[in-house]
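Chemist: If you read the sequence shown in this note's numbering, its first letter stands for residue 3, the second for the next number, and so on.
Sharing a structure with you now.
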Amino acid sequence: MNGFASIDTDFLIGKIRQLNEEHRQYLPEMAQLAGKIEAVHAEHPDVPKGLAGFLQLLTDDLQAHTKMEEAALFPAMRQGQVSAAATPVSEFRNNRDDHERRLSHLEVVTDHFTAPSDGCRSWTSLYDSLKVFSIKLRAQIRLENEIVFPQLSDRGDTNKK
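Here it is in structure tokens:
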């Protein structure tokens, strides 16, 4: 258990891995669909110009974050101590702060995930999928920020915020 707020460490790691896998699977598909929408609706005043590129950058960033979790965070969680982490908890927190800012930008670019009334079904579907993605990533960030990171920080990370 390692003291993770009475939540089993393997359960927490499993949940984070599940969410990471969903992001890994669906975000590139959403980036591809965004590119098609940008191309087909290039003249539409509400087309989300640059969304495909933004989603690809977010995909790359999340993949790098996931690798850090696998290499440093999960082993530290299993050992129950921050000294086991090759990456300080503060760096994980900073990454997640960046992800929050990117999600906020995504909301603005998509008008809070609201496709235009004359938008095609693909456009509506993309925004619906992005909304679900945003909700899930924010839930994951909250899980890490409120349960995982404080438990590790309490065990000795001198770089915490």
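Beta carbons are placed, not taken as given, at the ideal position from N, Cα and C, and that holds for glycine.
All figures in this text were calculated on a predicted structure; none of them were measured in a lab.
At which residue ranges does the region 10 to 63 contain complete alpha helix (DSSP H) runs of 4 or more residues, listed in the order of the chain?
Modeler: DSSP runs (the alpha helix (DSSP H)) wholly in the region 10 to 63: 11 to 42.
Chemist: Given this structure, state the Cα-to-Cα distance separating leucine 128 from valine 110, to the nearest angstrom.
Modeler: Each residue's alpha carbon lies about 15 Å from the other.
Chemist: Excluding the five sequence neighbours on either side, which residues of its own chain have a C-beta within less than 6 Å of the C-beta of threonine 1, listed in chain order?
Modeler: Absent from the model: residue 1. The displayed extent of the chain is 3 to 163, so no value can be given.
Chemist: If you draw a straight line from the alpha carbon of arginine 103 to that of leucine 53, how long is it in whole angstroms?
Modeler: Between arginine 103 and leucine 53, the C-alpha separation is close to 15 Å.
Chemist: Please name the residue, chosen from Glu24, Glu45, Pro50, that lies closest to leucine 35 on a Cα-to-Cα basis.
Modeler: Pro50
Chemist: Grab the span of the alpha helix (DSSP H) containing valine 111 for me, first residue to last.
Modeler: 91 to 111
Chemist: Spatial neighbours of arginine 140 within its chain, please: CB distance less than 8 Å, with the 5 preceding and 5 following residues excluded, ordered by chain position.
Modeler: Glu102, Leu105
Chemist: Mapping the DSSP letters down to three states, classify serine 136 as helix, strand or coil.
Modeler: Note: serine 136 maps to helix in three-state DSSP.
Chemist: Do isoleucine 15 and isoleucine 149 have their CB atoms nearer than 8 Å?
Modeler: no
Chemist: Round the Cβ separation of leucine 64 and phenylalanine 135 to the nearest angstrom and send it over; I've been treating them as touching at under 8 Å.
Modeler: Not a contact, Cβ separation roughly 10 Å.
Chemist: Pairs of beta-carbons, one from the region 34 to 48 and one from the region 113 to 122, closer than 8 Å: are there three or more?
Modeler: yes
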